[in-house]
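Structure first, commentary second.
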Amino acid sequence: MAAALLLPYIAKATDLSLFPRDAASVQATAGSLVGKPASSQVAAKALIPFNQSGDEQQLVGEDDSRILSFYLGADAARAGGTLRLAYVNAAAVLPDDAVIDVEVNGHSQGSFPIRGPNGMVTENLAIAARDLVAGENTVRVRARQHHRVDCSLKAVYELWTRLDPALSGFITDRLLPANDVASLLAVGRNGEGSTDIRLIAPSREALTLVRDALPTIQTLALLLGRTDIKVSIAEEATGGPGIDLYFGDPRSYPETDSGKQVLAAAPPGFSVRQNGSPDQLTVTMRGNSPAQLESLLLAAVNGSLKPLIDMRKVTEAERHITGDRAGRYPLSKTGYRTAQFAGRLFQTTFKLDMPADFYPGDYGRIDLKLDAATAPGLADDAQLLIRVNQKAVTSHALYSPEGATFKGKMIEMPLRAFHPGSNEIEILAELPIAADAKCDPASRDESRPRFLLLDSTEVVVPEVAHIGRMPDLAAFAGDAYPFTKGNALELYVATGDDATLGAAMTMMARLAQAAKAPIGVTLKLGNPDDADDSNALIFKTHGAQLAMAKPGQSKDVDNLTTGGINTPASTSGEIVNHSDALLNAFKASTALDEDSLSWRSRAVSTFFSTFGGIRRWLTYLSPVPSNVTVERTDVLMEMAQTKAPGGHAVWTTLSAETSQDLETGIRAITSADNWNALNGARGLVRKSDFGLVTVAPADYSFFPLEDTSLSNLRRLAAAWLSDNFKIYVLAVVLCIGAFGWWLGNLVPRKGVRTDV
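For the sequence shown, position 681 matches number 1083 in my numbering, and the numbering has no gaps at all.
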């Protein structure tokens, strides 16, 4: 048996730890966070939700796993508790043998049957103290499920089990002290599964508070690490799950009556306390001027918040494959664990993060070195499929009468299939056998596996070409590019109403998570004008047009883009949040401006700007369609990216008919699935299902080249020639012709030598 040949690898795979490689540093960080157990509170039982959003808590197919996490203080870890999984599953799931397996920190907690087709079902599992740790705990949830009546491969996608992010998590009665900043990691979610951050401010007078609170809001988003954050403005604490943020000082900022009372009793700087319930927290950031507030926030980032920040960085680094440098990464790094598979369609998915200035093209490939085995008896149409960003890039036959073993089998994925930012790679194995045609659940034999994929399978990432492009929403979502280049970012809101400001704050929170650092931003009321050549993030409603038009001048407008801006509004009273020190506390980031670049950088940048036509010769690799038909009435919000009129910056515009539509659209586009799918020049959020449609740009422009090494220039030249294949062919023909001309002139001139 082919599988028997790989038993040593299976034995190694069973030892896979769920902790990051440098778990000791995480444990040390956790210890510094939780403090002394004696200070913990013994209270009514409270639910600590998983850190992952609802999009990341869905299990699809016949055999799927998710790794979730939650945070515990030392006292709670020593006391043990209860793991609660609230779920609902598809009606197509056969209840006879559908089960969920659970592990906590690598320790099995048993299994339970899947029985939730008619509504939410809750399972409570007692977790012993010996299986818990102080700090971040990891939970592996694995669903094994089959279809009731349909044995086709297509029907596998009808199988799903979804956890409720608001009701699932860890239950404990040992809470962190009310003023411990680590209690932020236990904040609850609302009924929609979102994490609310409510800035307490007077309605219609919140603009000044929002301007100065943006660094604090971004810092909270980074500490929480959740992708389902919704930021809004409220006049009073609602009493619901989430964070109520009181900001500023009554002597220098407009505050509500309750805000004045809370801030008067709060210490200067950043502080946390419970708001009547463990899932409701009050955060105060007290200071009487922008300079003082920034200084106090920086002190908190380098002080009480630093262990949380360090823990978050370690966790993210250990669970991601990045393409910013060449390397080899085993699938075990993504959380995948070797397990025998007895179903019809094997599937596993992982993410590969490419750098924001990655240039796709046919100049290289990412290799998958496959360690796997198949069982005898598979049908002759059994195959392995590799999909990148929902596009099939390669397939390989798996049929072998006696089974097959693959050790280091090289599978190539062209670099053109990838884009800057987060890329989703799917490994699919179609494994039909003759018995599937009968579709008899009773005859299914789970003891005879069909396929085995080892976690020693490696992803080999090469060196890639680097040059920033615009427009590119994938780079925007992946790394907040180009706002992380050190250039100024101006945030424009057409109106200062609460919904628009809430949408802007939610987007900035998501961008900070993408950049892994707060982004320095200037908030302005109004619209940019043609003289403004800074990077801009623009929020518009009531028929605002992306392309700027001067008074009396009309421009052709796409029908899906609403209205037009004719006169720039006043931007008086702007407050700039220069957060250089705060940024450095998170990561060091430097960039040269265009005036500081060498002549070689400028020459290469001009070359790519002039001859940068992107032509896609492999249609299945086209990242986004260029022509998309969407009913105008079904467009909730549009996100579009264009070059600024000055030609050296990017304007990213988010527009909707009303501020409420804008707020809803921002929540939809910042969800994990839609955010990772952003690409091209435009993204349209549909009203009907909040789905995302992306549209490719007609052409790209290029930022000034930063990496002028010969190796990068060589890769860029190869990439450009792969995009402009006709020029490459013409150059080859000209070279051959030149050689023929030279040879034809040389031979008659030199004559033919003969030996007599």
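Just so you know, even glycine gets a beta-carbon here, dropped at the ideal spot from N, CA and C. All figures in this text were calculated on a predicted structure; none of them were measured in a lab.
- Message: By the DSSP assignment, the beta strand (DSSP E) with serine 455 in it spans what residues?
- Response: For serine 455, no beta strand (DSSP E) encloses it, and the DSSP letter there is neither H nor E.
- Message: Excluding the 5 residues flanking alanine 481 on each side, which residues of the same chain have their C-beta closer than 8 Å to its C-beta?
- Response: Correct list, in chain order: Ala531, Thr574, Asp575, Arg576.
- Can you name, in chain order, every residue of its own chain whose Cβ lies under 8 Å from the Cβ of leucine 496, other than the five neighbours on each side? Contacts found: Gln547, His548, His549, Arg550, Pro843.
- Query: What residues are listed by DSSP as bridge partners for tyrosine 473?
  - Reply: Tyrosine 473 pairs with Glu538.
- Item | Nearest residue (CA-CA) to alanine 493, options Gly512, Trp562, Ala479, Ser513 | In terms of CA proximity to alanine 493, Trp562 leads the group Gly512, Trp562, Ala479, Ser513.
- Query: Between isoleucine 645 and arginine 600, which are expected to be in contact by the criterion C-beta below 8 Å, what is the C-beta distance as a whole number of angstroms?
  - Reply: About 7 Å separates the two Cβ atoms, so the contact holds.
- Item | Residues near arginine 628 by beta carbon distance below 7 Å, same chain, minus five either side | Sequence-distant partners of arginine 628 (beyond 5 residues in either direction) whose C-beta falls short of 7 Å from its own C-beta, in its chain, are Asn453, Ser455, Thr597.
- Message: Would proline 757 and proline 680 be called neighbours here (beta carbons separated by less than 8 Å)?
- Response: No.
- Message: Using DSSP's beta-bridge definition, name the partner residues of aspartate 646.
- Response: Residue pairing from DSSP places aspartate 646 in a beta bridge opposite Arg600, Thr684.
- Reducing DSSP to helix, strand and coil, say where alanine 844 ends up. Reduced to three states, the DSSP call for alanine 844 is helix.
- Message: Please report the straight-line C-alpha distance between glutamate 865 and alanine 639, rounded to a whole angstrom.
- Response: Answer to the nearest angstrom: the Cα atoms are 51 Å apart.
- By a C-beta neighbour count over all protein chains shown, 10 Å radius and 16 as the cutoff for buried, is glycine 571 buried or exposed? The residue is buried, with at least 16 neighbouring Cβ atoms inside 10 Å.
- Task: Report yes if the C-beta distance between isoleucine 1071 and valine 1087 is below 8 Å; otherwise report no.
- Result: Between isoleucine 1071 and valine 1087, the gap from beta carbon to beta carbon is short of 8 Å.
- Could you tell me the distance, in whole angstroms, from the CA atom of alanine 919 to the CA atom of valine 504? The straight-line gap from Cα to Cα measures roughly 34 Å.
- Message: Starting from threonine 1054, trace the beta strand (DSSP E) in both directions and tell me its first and last residue.
- Response: Following the DSSP letters along the chain, one finds threonine 1054 inside the beta strand (DSSP E) bounded by residues 1052 to 1058.
- Item | Per-residue burial, serine 513 [other beta carbons within 10 Å of its own, 16 or more giving buried] | With fewer than 16 other Cβ atoms within 10 Å, it is exposed.
- Run the CB neighbour count on aspartate 465, radius 10 Å, all protein chains shown included, and call it buried at 16 or more, exposed below. Aspartate 465 comes out buried.
- Could you check how far apart the C-beta atoms of leucine 461 and leucine 747 are, in whole angstroms? I think they sit under 8 Å. No, leucine 461 and leucine 747 are not in contact; Cβ-Cβ is about 14 Å, not under 8 Å.
- Item | Other residues of its chain near tyrosine 761: CB distance less than 6 Å, five sequence neighbours each side excluded | Same-chain partners within the cutoff: Ala867, Ile869, Ala1121.
- Task: Flag this pair as yes or no: are the beta carbons of isoleucine 827 and leucine 772 separated by less than 8 Å?
- Result: It is not a contact, given that the beta carbons lie outside the stated cut-off.
- Message: Measuring only the C-alpha atoms, how far is tryptophan 1144 from isoleucine 1138?
- Response: Per the coordinates, the alpha-carbon of tryptophan 1144 lies some 10 Å from the alpha-carbon of isoleucine 1138.
- Message: Run through the DSSP bridge pairs and tell me what isoleucine 788 is partnered with.
- Response: Isoleucine 788 is bridged by DSSP to Thr796, Ile829.
- Task: Could you check how far apart the C-beta atoms of tyrosine 1102 and arginine 767 are, in whole angstroms? I think they sit under 8 Å.
- Result: Beta-carbon to beta-carbon, tyrosine 1102 and arginine 767 are separated by about 22 Å, too far to satisfy the 8 Å threshold.
- Message: Based on DSSP bridge pairs, tell me the residues matched to isoleucine 940.
- Response: Paired residues: Tyr894, Thr1055.
- If you run the structure through DSSP and keep just helix, strand and coil, what is methionine 756? Under the three-state reduction of DSSP, methionine 756 is assigned to strand.
- Report all residues from its chain with a CB closer than 8 Å to the CB of proline 652; omit the five preceding and five following residues, and keep chain order. Closer than 8 Å at Cβ, skipping near neighbours: Gly661, Lys662, Leu665, Ala666.
- Compute the distance between the beta-carbons of leucine 900 and alanine 608, then report whether it is under 8 Å. Rather than leucine, the amino acid found at residue 900 in this sequence is aspartate. Yes, these two residues count as a Cβ contact at 8 Å.
- Assign glutamine 947 to buried or exposed, taking buried as 16 or more other Cβ atoms, counted over all protein chains shown, within 10 Å of its Cβ. Confidence in glutamine 947 is poor, its pLDDT being 42 and thus under 50, which makes the residue's placement too unreliable to answer from.
- Beta-carbon proximity of alanine 896 to phenylalanine 853, cut-off 8 Å: The Cβ atoms of alanine 896 and phenylalanine 853 do not sit closer than 8 Å to each other.
- Please name the residue or residues paired with histidine 548 in a DSSP beta bridge. In the DSSP assignment, histidine 548 is bridged to no other residue.
- Query: Once you ignore the five residues that flank serine 1113 on each side, which residues in its own chain have a CB closer than 8 Å to its CB?
  - Reply: Counting only Cβ-Cβ distances below 8 Å, and skipping sequence neighbours, we find Glu865.
- Query: How big is the Cα-Cα spacing for aspartate 934 and isoleucine 921?
  - Reply: Rounded to whole angstroms, aspartate 934 to isoleucine 921 spans 19 Å at the Cα level.
- Is the shortest distance between the beta-carbon of alanine 879 and the beta-carbons of chain B less than 8 Å? Absent here is chain B; the protein component of the structure consists of one chain.
- Please classify lysine 715: does DSSP put it in a helix, a strand, or coil? Lysine 715 falls in the helix class under three-state DSSP.
- Item | leucine 626 vs valine 923 beta-carbon contact at 8 Å | No.
- Task: Could you check the C-alpha separation between glycine 1146 and valine 862 for me, to the nearest Å?
- Result: Going from the Cα of glycine 1146 to the Cα of valine 862 covers about 47 Å.
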